[in-house]
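Some notes on the structure that comes next.
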Amino acid sequence: MTTATPFLMFQGGVAQAALDLYLATFPNSRVVHVERYGAGEPGPEGTIKVARFEVCGQAFLCSDSPVRHDFDFTPSSSIFVEFESGDVLERVFAVLAEGGRVYMPLGDYGFSRCFGWVSDRFGVSWQLSLPLGA
55 MTTATPFLMF QGGVAQAALD LYLATFPNSR VVHVERYGAG EPGPEGTIKV
105 ARFEVCGQAF LCSDSPVRHD FDFTPSSSIF VEFESGDVLE RVFAVLAEGG
155 RVYMPLGDYG FSRCFGWVSD RFGVSWQLSL PLGA
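Below is the structure:
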């Protein structure tokens, strides 16, 4: 079977911290597998070579890049999450906004009962929504 999976490439050895944040913040999230760089490999020992994990049941991959790149995350690509509970959405937004950047504060924008757009402290962009029918 052919699949498509979002892949988040972190720089500066922060993939574990991002993974910890996402697992502690989002419901229905878990680590599936983590492979770390060992001694003599291209990345710093102990950093994430590749991790497979789930956020809200959606599969993701991530890694710590062993090479410093001239690019990073951009808000033009974001992860869109629909919630069943406004309370959970508000909590997740607050956690992601801490040390991050808010593009659209939580509010009713007409297309969603509650919507917010934020990049977390690692630069990953999240659009959080409470659908009209929820």
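Each residue of the sequence shown is one higher than the one before, counting from 55 in my numbering.
Beta carbons are placed, not taken as given, at the ideal position from N, Cα and C, and that holds for glycine.
Using only alpha-carbon positions, find the residue among the options that is nearest to residue i.
i, options, result
"proline 76", "Val121, Tyr163, Gly111", "Here residue 76 turns out to be tyrosine, not proline, going by the sequence shown. Tyrosine 76 has its Cα closest to that of Gly111, out of Val121, Tyr163, Gly111."
"phenylalanine 169", "Leu160, Thr57, Cys116", "Leu160"
"leucine 62", "Asn82, Ala71, Phe147", "Ala71"
"serine 117", "Ser130, Arg167, Gly66", "Gly66"
"valine 135", "Pro81, Thr59, Gly92", "Pro81"
"tryptophan 171", "Thr101, Ser179, Asp124", "Ser179"
"threonine 79", "Asp126, Ile102, Phe64, Leu143", "Leu143"
Quick check on the DSSP output: the beta strand (DSSP E) that includes residue i runs from which residue to which?
i, result
"valine 121", "Per DSSP, valine 121 belongs to no beta strand (DSSP E) and is neither H nor E."
"leucine 186", "No beta strand (DSSP E) holds leucine 186; DSSP gives it neither H nor E."
"tyrosine 157", "155-161"
"phenylalanine 134", "132-136"
"glycine 164", "Taken as a continuous stretch (DSSP letters only), glycine 164 belongs to no beta strand (DSSP E), as it is neither H nor E."
"phenylalanine 169", "168-173"
Return the chain-ordered list of same chain residues with a C-beta closer than 6 Å to the C-beta of residue i, the five sequence neighbours on each side being excluded.
i, result
"aspartate 174", "Leu150, Gly154"
"arginine 84", "Glu108"
"proline 60", "Phe114"
Can you give me the start and stop residues for the alpha helix (DSSP H) that residue i sits inside?
i, result
"glutamate 144", "140-151"
"alanine 105", "Taken as a continuous stretch (DSSP letters only), alanine 105 belongs to no alpha helix (DSSP H), being part of the beta strand (DSSP E) at 102-109."
"glutamine 65", "It is not in any alpha helix (DSSP H) - glutamine 65 carries neither H nor E in the DSSP assignment."
Among residues of its own chain, excluding the 5 on either side of residue i, which ones have a beta-carbon nearer than 7 Å to its beta-carbon?
i, result
"valine 104", "Glu89, Leu115, Ser117"
Could you tell me which residues DSSP puts in a beta bridge with residue i?
i, result
"valine 85", "Phe107"
Contact the segment 180-188 vs the segment 134-143: 3+ CB pairs below 8 Å: Enough Cβ pairs lie closer than 8 Å, so yes.
contact_flag[the segment 151-163, the segment 95-104] where n(CB pairs < 8 Å) is 3 or more: By the Cβ rule, the segment 151-163 does not count as touching the segment 95-104, because fewer than three pairs are nearer than 8 Å.
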